[in-house]
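A short write-up of the structure that comes next.
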Amino acid sequence: MRIAFVGAVEGSAIALNALVRAGMAPGLVITLAPEAASRHSDFVDLTPLAKAGGSEIIYATNVNGPAVIEALRRFQTDLVLVIGWSQICGDMFRSIARIGNIGFHPSPLPRMRGRAVIPWTILLGEESTAASLFWLDGGVDSGPILLQEPIAVAVDETARTLYVKQTDALARMLPEAVKLVQSGKAQRIDQDHDRATYCAKRTPDDGLIDWREPAETILRLVRAAGEPYPGAFTTCGGSRLVVEVAAPFPDSHRYIGIPGQVQCHTAEGFTVRCGDGKCIHITRWRQDQAAGKPRVHSKLGASIS
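Using our numbering, you'd call the opening residue of the sequence shown number 819 and step up by one each time.
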């Protein structure tokens, strides 16, 4: 079976490596060139892995463009695996592979189709999610399900820990899916479109902390927007301060102030008051300009007067 692989992010690399280790290296890999890395916060250059697997490599920014279409036709593609590519694959693209095209989505489809699903899962306080492999159609993550694996979401889940859970599931599922396709046993379970929900795209600016929000809402943002994404941020003395690790502060009741105000220093970091009167304890952060802890009683956030 002649397999083509499309992807350009960390999850793509994990999936491709799983295929190579299983003796299922794709004959053709379509990916972004390293100079286009800025398109994805979690971009990974697939060139070394593709070369190690003996794959032909095509660099592209548009999978629906003539270069990719021609490459898939020339390769006489049986199956395309689209893992970590945010562009919708058009009718022409999807018509080429003899068997079909399989995509991956980090949600319990049909719920949470769309973009930035891992951050949204945390922001919404979801207790469970899933990893889904599905057959591509003309919609947004709307094709029939091939495989789906449930995933528990911890109360302190971060973008990184959930990303790892999703990619671990993907590494298990993808070789199994290829085997099912090869044996003619791959299922196609139609999604219930009446249950579909859609996640909007997020940008780095969506990580801006509004200190008027409750502490729990801000802590969710810190966990959801963190690595491998750009992070939750505020301003401090005219420069950006990215909050990387924070937790509830048990002595919040001892401090009086306004939202966004630094209440005290600790051995590990500093505390900031939130809109519900509770404080969060920030223990890891970074700033555009080298600096220590923000001054006690200083105010974070440009919107605070």
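Don't be surprised by glycine CBs; every beta carbon is placed ideally from N, CA and C.
C-alpha gap between residue i and residue j, whole angstroms
i: residue 875; j: residue 990; result: 24 Å
i: residue 1028; j: residue 919; result: 42 Å
i: residue 1047; j: residue 1115; result: 30 Å
i: residue 954; j: residue 1089; result: 47 Å
i: residue 1123; j: residue 1094; result: With a pLDDT of 39 at residue 1123, under the threshold of 50, the modelled position of this residue cannot be trusted; read the value that follows with caution. If I take the Cα positions, the gap works out to 18 Å.
i: residue 1109; j: residue 1023; result: 22 Å
i: residue 982; j: residue 833; result: 12 Å
i: residue 910; j: residue 922; result: 20 Å
i: residue 879; j: residue 830; result: 15 Å
i: residue 1010; j: residue 884; result: 34 Å
i: residue 1033; j: residue 972; result: 18 Å
i: residue 839; j: residue 1063; result: 35 Å
i: residue 815; j: residue 993; result: Given that the chain is displayed from residue 819 to residue 1123, the structure contains no residue 815 and the question cannot be resolved.
i: residue 987; j: residue 1055; result: 43 Å
i: residue 867; j: residue 861; result: 14 Å
i: residue 944; j: residue 894; result: 42 Å
i: residue 908; j: residue 901; result: 16 Å
i: residue 1129; j: residue 863; result: An answer regarding residue 1129 cannot be provided, because it is not within the stretch 819 to 1123 covered by the chain.
i: residue 977; j: residue 1072; result: 31 Å
i: residue 959; j: residue 1112; result: 44 Å
i: residue 1121; j: residue 853; result: Legend: pLDDT at residue 1121 = 47, less than 50; position of this residue unreliable, value from coordinates given subsequently. So the two alpha carbons sit approximately 36 Å from each other.
i: residue 886; j: residue 1096; result: 53 Å
i: residue 905; j: residue 1007; result: 23 Å
i: residue 837; j: residue 898; result: 13 Å
i: residue 870; j: residue 1074; result: 59 Å
i: residue 930; j: residue 1038; result: 18 Å
i: residue 1085; j: residue 927; result: 44 Å
i: residue 1060; j: residue 865; result: 32 Å
Residues sharing a beta bridge with residue i, DSSP
i: residue 947; result: 969
i: residue 1103; result: 1061
i: residue 921; result: 900, 952
i: residue 874; result: 846
i: residue 1117; result: 1079
i: residue 822; result: 846, 898
i: residue 931; result: 1016
i: residue 861; result: 827
i: residue 963; result: 952, 1007
i: residue 1026; result: 1051
Supposed contact pair residue j and residue i - C-beta distance, whole angstroms, cut 8 Å
i: residue 848; j: residue 827; result: Wrong, their Cβ atoms sit about 13 Å apart, outside the cutoff.
i: residue 1098; j: residue 1067; result: 6 Å
i: residue 949; j: residue 984; result: 5 Å
i: residue 941; j: residue 1042; result: 5 Å
Residue i Cβ short of 7 Å to the ligand HEM heavy atom set
i: residue 861; result: With respect to the ligand HEM, the structure offers nothing, as it holds no ligand at all.
Q: Let me know the beta strand (DSSP E) ranges lying completely inside the segment 1029-1099, each 3 residues or longer, listed in chain order.
A: List check, beta strand (DSSP E) in window: 1050-1054, 1057-1066, 1080-1083, 1088-1091.
Q) Counting pairs of Cβ atoms below 8 Å between the segment 1046-1053 and the segment 958-971, do you hit three or more? A) no
Q: Would you check if there are 3 or more beta carbon pairs closer than 8 Å linking the segment 1090-1097 to the segment 1074-1082?
A: yes
Q: Inspect the CB distances between the segment 1014-1030 and the segment 994-1005 and report whether three or more fall short of 8 Å.
A: no
Q) Between the segment 883-897 and the segment 912-932, are three or more C-beta pairs nearer than 8 Å? A) yes
Q. Is the segment 868-882 close to the segment 836-853, with three or more CB pairs under 8 Å?
A. Taking 8 Å as the limit for Cβ pairs, the verdict is that the segment 836-853 does touch the segment 868-882.
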